[in-house]
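Participant: Structure in structure tokens, see below.
There are 6 protein chains.
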Amino acid sequence: MHITTFGEIMLKLTAPKKQQLIQSSHFEATFGGAEANVAVSLARLGDQVHFVTKLPVNELGDAGIAAVAKFGVNSNDIVRGGNRIGIYFLERGNGIRPSNVIYDRSHSAFADSGELDYDWPAILANTNYFYISGITPALSSKLQSTLLTAVKICRTRHIEVVYDANFRGKLWSSADAIAFNEQLMPYVNLCFVHDEDIYDSFGIKDAFDGNRRNVIAQKQSFKESMALIADMYPSIHTVASIIRDTYSVEHGKWAALLFQNGHFYESPIYDLTVNAEVAAGDAFGAGMIHGLLHHFAPQDQLDYALAAAALKLTIPGDFNLASDSDIKAIMNSTNRSINR
Amino acid sequence: MHITTFGEIMLKLTAPKKQQLIQSSHFEATFGGAEANVAVSLARLGDQVHFVTKLPVNELGDAGIAAVAKFGVNSNDIVRGGNRIGIYFLERGNGIRPSNVIYDRSHSAFADSGELDYDWPAILANTNYFYISGITPALSSKLQSTLLTAVKICRTRHIEVVYDANFRGKLWSSADAIAFNEQLMPYVNLCFVHDEDIYDSFGIKDAFDGNRRNVIAQKQSFKESMALIADMYPSIHTVASIIRDTYSVEHGKWAALLFQNGHFYESPIYDLTVNAEVAAGDAFGAGMIHGLLHHFAPQDQLDYALAAAALKLTIPGDFNLASDSDIKAIMNSTNRSINR
Amino acid sequence: MHITTFGEIMLKLTAPKKQQLIQSSHFEATFGGAEANVAVSLARLGDQVHFVTKLPVNELGDAGIAAVAKFGVNSNDIVRGGNRIGIYFLERGNGIRPSNVIYDRSHSAFADSGELDYDWPAILANTNYFYISGITPALSSKLQSTLLTAVKICRTRHIEVVYDANFRGKLWSSADAIAFNEQLMPYVNLCFVHDEDIYDSFGIKDAFDGNRRNVIAQKQSFKESMALIADMYPSIHTVASIIRDTYSVEHGKWAALLFQNGHFYESPIYDLTVNAEVAAGDAFGAGMIHGLLHHFAPQDQLDYALAAAALKLTIPGDFNLASDSDIKAIMNSTNRSINR
Amino acid sequence: MHITTFGEIMLKLTAPKKQQLIQSSHFEATFGGAEANVAVSLARLGDQVHFVTKLPVNELGDAGIAAVAKFGVNSNDIVRGGNRIGIYFLERGNGIRPSNVIYDRSHSAFADSGELDYDWPAILANTNYFYISGITPALSSKLQSTLLTAVKICRTRHIEVVYDANFRGKLWSSADAIAFNEQLMPYVNLCFVHDEDIYDSFGIKDAFDGNRRNVIAQKQSFKESMALIADMYPSIHTVASIIRDTYSVEHGKWAALLFQNGHFYESPIYDLTVNAEVAAGDAFGAGMIHGLLHHFAPQDQLDYALAAAALKLTIPGDFNLASDSDIKAIMNSTNRSINR
Amino acid sequence: MHITTFGEIMLKLTAPKKQQLIQSSHFEATFGGAEANVAVSLARLGDQVHFVTKLPVNELGDAGIAAVAKFGVNSNDIVRGGNRIGIYFLERGNGIRPSNVIYDRSHSAFADSGELDYDWPAILANTNYFYISGITPALSSKLQSTLLTAVKICRTRHIEVVYDANFRGKLWSSADAIAFNEQLMPYVNLCFVHDEDIYDSFGIKDAFDGNRRNVIAQKQSFKESMALIADMYPSIHTVASIIRDTYSVEHGKWAALLFQNGHFYESPIYDLTVNAEVAAGDAFGAGMIHGLLHHFAPQDQLDYALAAAALKLTIPGDFNLASDSDIKAIMNSTNRSINR
Amino acid sequence: MHITTFGEIMLKLTAPKKQQLIQSSHFEATFGGAEANVAVSLARLGDQVHFVTKLPVNELGDAGIAAVAKFGVNSNDIVRGGNRIGIYFLERGNGIRPSNVIYDRSHSAFADSGELDYDWPAILANTNYFYISGITPALSSKLQSTLLTAVKICRTRHIEVVYDANFRGKLWSSADAIAFNEQLMPYVNLCFVHDEDIYDSFGIKDAFDGNRRNVIAQKQSFKESMALIADMYPSIHTVASIIRDTYSVEHGKWAALLFQNGHFYESPIYDLTVNAEVAAGDAFGAGMIHGLLHHFAPQDQLDYALAAAALKLTIPGDFNLASDSDIKAIMNSTNRSINR
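Residue numbers (the UniProt record's numbering), protein chains in the order written: chain A, 1 to 340; chain B, 1 to 340; chain C, 1 to 340; chain D, 1 to 340; chain E, 1 to 340; chain F, 1 to 340.
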């Protein structure tokens with residue numbers, strides 16, 4: 001079984017030591033992007049995964065490829081060309097100060113790419129799962145039509161389409177997201193959508209009342225929204241959502257819900273210390289896909305995926321480098337503080 | 001409207017990674033000092049502010065000026081000369097281990113300076129607010145008389161005198177502080193005095209019983225002390241105080257009280273994760289002054305100032321680099337963990 | 001009064017910034033090992049202490065010696081020779097991710113050493129306390145017999161033998177530990193054994209039910225085990241144990257129990273933020289020995305030792321560099337967050 | 001006397017330790033750009049200087065301003081707006097490996113700016129010297145016409161126009177440069193043009209035979225080209241050029257030539273170790289302007305400017321932070337290796 | 001055309017900033033080893049290359065694989081198992097102080113591996129070139145017989161065997177090297193042997209008189225030795241050697257000689273600044289193989305290989321990350337110091 | 001045989017990466033001072049050495065002790081008390097930019113110390129060599145009289161007095177140095193005085209013509225001055241001097257001269273790359289003393305001392321950590337670039 005993920009990998013420049021960007025004399029330089037993150041997670045779990053994107057012909061493009069190849073992701077289908085690599089700057093928050101992202105991804109090789117760049121029949125030739133996210137269509141209309149082309153081919157070839165709705169308010173409006181998602185969703189088989197993104201991505205009124213301290217208590221309302229999505233699009237067999245109570249940048253409670261083939265499943269609730277604030281949703285998605293690939297029971301899919309996400313929150317950078325045994329140990333944890 | 005702050009800026013050498021000083025192979029090198037901190041805060045908020053001090057004619061003196069000029073503080077009135085820049089070493093505590101300061105500021109250019117160094121009529125020519133703190137008179141009797149000279153000029157020119165009582169037990173005794181403050185206070189219009197400093201600075205018996213976990217509960221007693229200060233010195237229209245419950249180096253609750261023109265105001269209480277343990281009081285002071293300059297209502301002055309202080313606790317270094325919009329976002333926070 | 005500690009000091013290579021080892025482009029390089037840690041703690045407290053080990057004749061061996069000599073430990077009895085220095089890699093956990101140790105200490109100069117390497121009569125000539133731990137016998141049978149030789153000499157010379165049972169499941173089995181301890185314990189005078197190690201080291205069924213969140217509540221059961229150890233080995237006058245509730249890598253509650261000359265003592269319970277996850281037990285042991293050397297009352301021994309351990313958890317590296325006054329300040333703490 | 005410089009300041013991201021970009025886990029983050037560099041140099045020499053550019057309204061734009069304000073440059077005329085800050089990546093070469101620049105400056109706030117952004121009559125109101133370089137017109141035709149507008153105003157107001165021809169082959173072609181320079185040069189009073197740029201910028205056939213080891217020997221030919229430039233444009237009173245023999249990234253010989261009011265001047269030849277490979281030409285330009293402002297004799301202008309450039313090569317980053325006394329000490333150097 | 005390289009990859013721990021090991025509070029952590037270095041070089045040049053070794057099942061083993069996979073090396077044939085990863089410590093010299101290596105590679109997974117670990121028929125199934133070095137047989141007699149097994153299979157399958165004689169005096173004696181090489185060389189087709197290693201590896205008396213400043217002048221003598229090797233072993237069609245004049249750690253002259261199919265070729269002589277003192281020979285070997293694979297003329301093979309080696313000396317770490325265009329630019333260099 | 005050295009050890013704060021102090025966001029924190037440096041050198045060579053100074057009772061004082069104890073120096077005679085540790089800031093030069101020292105050592109514990117602080121009869125009880133330098137008397141007249149007291153006791157006890165004249169123009173005038181040296185020299189047995197310090201320390205007109213590129217050629221003149229010193233003070237049996245041609249911060253030639261018991265000896269001349277610009281003279285002094293202690297022939301004393309100094313120039317920090325075998329390898333060097 002093979003997975004292909006398609007999206008943008010960016011150079012991520014992070015102010016060290018929780019500094020504000022204006023204080024920093026150097027930036028940590030890593031790479032990340034939802035679809036690359038999912039690819040790396042799956043490769044670390046031992047799955048066969050291709051990551052597809054477009055990167056410029058310069059050393060930063062090479063570095064983007066090396067970043068995923070390092071962990072066993074197949075990079076042979078990455079297209080080279082275009083003007084620049086996308087960049088995002090991250091200022092890590094702490095306590096009451098939220099983390100802040102400055103996107104500098106306009107005019108990147110990927111953002112400027114379109115259908116002519118990707119030979120979908122070849123790229124999808126040996127794939128069983130095709131993973132995409134709501135970030136790519138937010139970048140350009142050319143990418144929207146590219147995505148639609150790809151998922152239609154998937155449909156004809158019985159490739160499972162996995163879509164993480166991932167709403168990014170700095171990239172497009174909720175109205176645009178909803179409009180695009182209406183076109184895409186009829187081709188989607190698995191959908192991940194977290195917290196209040198249900199409203200921004202699908203226009204489904206959620207129960208979220210704006211108080212981020214009190215989300216999990218409203219899980220019933222989230223379940224109803226999840227079922228509604230599955231109802232609207234018959235191709236969908238799985239909807240999975242993380243819901244979070246957020247107390248501060250470092251502290252929150254995390255739970256997850258799964259609606260699969262007409263049944264609901266609920267994870268345990270984790271009380272978590274958060275070290276690395278990004279890409280836990282991607283780790284969750286990879287965990288769900290891994291569970292499906294390996295025929296986990298639905299409850300195990302969900303618990304495994306949430307344990308992967310929880311572990312990601314402890315790992316610096318965008319990639320979840322946790323191994324299968326690390327994830328399983330968290331699922332069976334007895335509050336160990338050291339293994340020696 | 002212009003503000004002038006007067007005091008010492010020191011080279012601050014901090015052991016990295018919460019090491020003890022004896023473990024460190026390098027020190028982080030930044031600059032700070034209550035009055036410089038206030039100046040930088042105000043400049044970041046867009047106000048016109050001059051910082052006045054004395055620094056030696058060497059590259060460390062240049063660096064001290066660059067540290068404030070970088071953020072828009074006017075440094076034209078800084079006097080050059082003297083033997084050395086003051087230094088303070090900071091060992092960051094954590095958990096139950098308190099942070100520790102080693103002062104190495106004796107014989108600094110500023111500590112050795114006196115009335116002949118500062119041309120007060122020129123320095124105060126275009127100023128509306130003159131900010132000083134209880135640290136300067138703790139350094140020498142020459143500086144005490146310099147301060148008295150300056151505030152008397154302020155009185156004749158209707159310049160508002162802002163005094164942060166800031167008691168430092170490693171620099172002078174409570175008895176000396178009380179004696180000096182009795183001379184100074186008749187010229188003060190705004191007074192900031194936090195927690196148990198009310199006793200050390202003014203000899204007013206406070207309610208503090210030595211249990212730092214349980215200060216906020218005694219706010220009534222603090223209010224009485226604040227009113228007493230205002231009673232004693234008719235020039236004073238504003239007394240503002242932060243009161244804190246301290247659980248560990250990283251965790252505490254913060255609240256603030258304002259007595260202005262005969263009325264009391266209370267802030268909300270913040271439950272805070274503390275990253276940077278110094279200079280939150282200076283951020284508070286700058287927030288109060290900014291609120292007054294921009295004609296905020298008293299409750300808004302207080303809430304804005306405490307939000308600024310709370311935000312400062314998340315920012316490394318002595319300077320509060322938070323912007324006006326950052327502060328207002330905290331005042332309206334809904335527990336965001338990331339903006340993207 | 002002099003103390004001699006005997007064991008391995010290793011090069012400790014730690015992934016920085018809570019990274020996983022696979023992410024790190026550099027490792028922090030420090031030195032540590034239970035017996036070296038105890039020696040450094042005692043030296044920092046002003047006691048006369050020798051550390052005995054075997055280190056290779058290369059610059060890493062020199063560096064191991066320098067690491068303890070730096071803090072006043074006498075290194076004159078360290079034997080030089082053998083092939084390599086032992087190494088351990090540490091991946092610092094956080095939140096729900098436990099810290100992980102990779103030992104690379106096989107074939108080290110110390111692990112390969114044996115009786116011919118140590119001139120016990122000379123080494124023990126001026127010593128009053130001989131400190132060893134359960135790590136050394138876990139390394140080889142040669143070291144087991146070396147230890148037995150040494151403690152028999154101690155018996156004839158009335159040198160107090162201090163044994164920290166310190167079980168390490170990655171080095172030997174519980175069965176082997178129990179078998180060796182049965183040979184050693186008749187020569188031991190003070191025994192430290194923490195939490196569930198009572199079972200692994202001595203085969204005494206403890207009350208620990210596998211839930212690390214709920215250990216302290218079972219202190220009565222631990223006391224019974226401690227008394228049982230003292231009963232079994234008449235040479236023992238002191239058994240001391242730390243018991244911990246662990247919530248996450250950074251958060252736990254710590255308490256300690258002492259059984260001395262037939263009486264039980266209990267420490268207060270600390271609610272602790274944990275920064276440095278290793279070597280707190282060694283700090284505790286050093287605190288106990290220091291208390292005995294200086295004729296503290298039993299309750300004071302225990303409280304001092306636990307305060308030392310608690311403070312160690314705030315200090316990076318393996319060595320507890322806290323001073324006597326730092327420890328006493330913690331014993332009398334009023335939640336200070338900064339001293340200035 | 002006031003100077004105004006106009007151009008782009010970029011975020012400069014440099015691979016540390018002479019790594020290739022693909023090896024770096026962090027980048028040094030500084031700021032630079034020819035016209036900002038000249039402004040900082042002049043400010044460090046005590047001159048009154050404004051830097052004008054356009055920067056986005058985000059924290060990276062703030063940081064760009066802070067970078068020059070830190071050293072005393074007046075930033076009040078900087079325009080805010082646009083999409084992004086320009087970036088350039090630097091891979092430091094060494095030995096036979098040349099340094100490599102990756103420009104990522106398209107679509108920056110400055111590159112997209114044009115005449116409507118700059119209120120030239122106000123900006124030039126109190127200026128005596130207006131400094132620009134050949135980098136700005138290489139960015140867009142909008143900036144070309146903006147520059148022509150500005151220099152025409154300078155002509156009417158008797159403001160001296162200083163132009164560093166600075167050819168950048170990665171930004172435009174020689175043909176485009178020559179075409180633009182023909183329009184600009186009639187308004188220029190001082191022209192700096194180094195080494196083989198004479199051909200690329202002005203189409204004047206130089207003597208350079210492609211052997212960078214042997215440039216200084218051909219100084220007579222360079223002089224002829226310099227005189228030719230002065231002949232072609234009667235507004236020009238000063239042409240100054242650095243000529244270099246390059247042996248490796250770290251080693252070269254530097255000399256400079258000046259043609260002023262019909263007379264030639266030659267500097268001494270420096271045999272230099274090069275630490276920081278960029279911005280020495282900007283330091284030279286600032287040195288020339290400083291000399292003119294302070295009425296140095298022509299030979300002193302040239303020698304001072306070349307000493308400044310030579311010193312810049314020893315200082316990390318783009319800014320020449322050397323002081324006037326540092327530069328004069330180099331002019332009178334006796335091979336000191338330490339001052340103590 | 002595919003290449004397979006076989007050997008050990010080690011964790012390389014380097015003291016930063018040219019410190020001695022005893023001074024370092026952290027070590028740079030990279031990976032290297034002759035055969036891995038060759039594999040990475042070839043992958044960066046776009047060739048298809050497999051690296052074969054044995055690594056332990058722990059995160060350090062994973063990291064060793066990631067280190068080569070990052071740059072496109074195929075790691076599918078790497079065997080997992082054994083006790084530890086080999087380590088080497090590097091103290092970078094400078095000036096007159098030579099760099100110093102401490103090997104800690106005994107008992108590594110690779111050093112303990114033998115014939116049962118490697119399925120040669122499968123590993124060599126699709127390979128055209130098999131690259132090995134004199135370091136592997138220096139590690140154990142088991143590895144010697146493994147190597148002989150492998151090269152005999154190569155002979156039957158017409159796979160070219162490339163052998164870099166690479167003598168390491170800290171691992172085995174010259175006598176042992178000569179004895180093994182006599183067994184291996186009948187199966188070798190290309191042999192690389194540098195400087196005085198001719199004597200240590202083959203017992204051929206070279207002209208080297210112990211003066212490392214004056215080696216290149218003796219090239220005639222080296223040529224005779226090279227021809228002698230080719231004469232002794234008819235399977236050999238190519239012998240290539242680097243010869244160096246060494247003035248200090250940072251400065252030397254490098255040249256190379258090639259004897260191919262009965263003809264001699266000489267490279268130009270480079271006068272080089274040396275930044276990274278290791279693995280230039282591996283870069284040379286990769287350059288030679290790349291030239292052969294791509295049918296370069298013999299002189300071009302040699303010049304390309306030496307340019308690759310010269311460039312490697314400017315790149316930190318063990319891997320030559322230079323691209324094909326970088327190498328060709330050096331071959332055609334005109335002393336550029338920056339590309340912009 | 002024991003040596004005692006007496007002088008100040010300072011905290012040394014160095015701008016990293018050859019930055020100017022104004023650029024640095026952190027400083028490297030090490031410790032150094034001529035007499036401490038000599039002590040560490042001797043301890044690394046295996047000699048028994050005490051270092052005597054006065055340090056404040058704070059963690060920086062502890063750190064100063066740890067810095068020398070780490071390498072085996074006996075610190076038992078160090079006096080604790082006073083106000084602060086002396087500090088010096090170092091800006092490393094490069095190329096034509098000289099390194100620059102900012103002393104901040106006034107009012108240090110040592111600078112303020114005097115005769116009452118040092119119990120000379122006890123300190124000198126078991127010493128054979130007493131090492132002092134010209135830096136101590138430059139700090140205060142109290143220290144001048146302390147030194148005279150100590151050397152008089154040495155005379156009565158037949159302890160050899162070693163004096164490194166070490167002139168520091170930033171601490172005192174040449175006239176003051178000459179006046180003090182006239183009092184001290186009658187008690188000195190070995191005198192080290194380098195380059196042009198002969199004039200500043202003793203008023204002996206040397207041949208130095210101000211051209212630092214051409215000092216060694218004037219060695220005959222230096223020899224005459226050395227003999228003159230020995231003539232003036234009959235107690236002196238040894239005068240040793242380093243003479244240097246300085247080309248840049250990184251490059252010079254070094255030689256040394258010895259006048260011992262009426263005979264002259266000359267070292268070979270080293271052409272050196274200089275990495276660490278300070279404390280080579282101290283390494284030379286330690287090498288001379290070590291040679292005398294171990295009865296080296298005079299030529300060997302000189303060659304060993306200069307090799308030690310040359311090696312020091314390659315080692316970061318103030319301490320010469322070279323071992324005896326490292327030094328001897330340099331004496332017999334054949335331009336090795338790596339040992340492996």
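Backbone N, C-alpha and C define an ideal beta-carbon position, used for all residues, glycine too.
If you're wondering where the values come from, they're calculated on a predicted model, not measured in any experiment.
Which of the three DSSP states is assigned to THR334/D in this structure?
Facilitator: Low confidence applies to THR334/D: its pLDDT is 49, below 50, so where it sits in the model is not reliable, and the reading given next is rough at best. Coil at THR334/D, not helix or strand.
Participant: Checking contacts by CB at 9 Å: is LYS12/B closer than that to chain A?
Facilitator: No, LYS12/B does not count as interfacial toward chain A.
Participant: How long is the line joining the alpha carbons of ALA256/D and THR314/E, rounded to whole angstroms?
Facilitator: One C-alpha to the other measures close to 30 Å.
Participant: What's the gap between the Cα of ALA308/D and the Cα of GLY252/F?
Facilitator: So the alpha carbons of these two residues sit roughly 24 Å apart.
Participant: Are three or more beta carbon pairs between the segment 16-28 of chain B and the segment 49-58 of chain B nearer than 8 Å?
Facilitator: No: the two stretches stay apart, fewer than three of their Cβ pairs being nearer than 8 Å.
Participant: Nearest chain C C-beta to ILE315/E closer than 9 Å, yes or no?
Facilitator: Judged by the 9 Å Cβ criterion, ILE315/E is not in contact with chain C.
Participant: Smallest Cα separation from LEU184/B: which of SER145/B, ALA29/B and ASN214/B?
Facilitator: Taking only the C-alpha atoms, the option nearest LEU184/B is SER145/B.
Participant: For TRP254/F, which beta-bridge partners are listed by DSSP?
Facilitator: DSSP, once it has assigned bridges, lists ARG244/F and TYR270/F as partnering TRP254/F.
Participant: Of the residues that make up the segment 60-83 of chain A, which ones have a beta carbon closer than 7 Å to any beta carbon in chain E?
Facilitator: Residues ALA66, ALA69, LYS70, PHE71 and GLY72.
Participant: Count Cβ pairs between the segment 269-283 of chain D and the segment 295-310 of chain D that sit closer than 8 Å; are there 3 or more?
Facilitator: The segment 269-283 of chain D vs the segment 295-310 of chain D: in contact.
Participant: Once DSSP output is grouped into helix, strand and coil, what is the label at TYR233/F?
Facilitator: Three-state result, TYR233/F: coil.
Participant: For ALA310/C, return the contacting residues in chain B, with the cut-off set at a CB-CB distance below 7 Å.
Facilitator: ILE96, listed in chain order.
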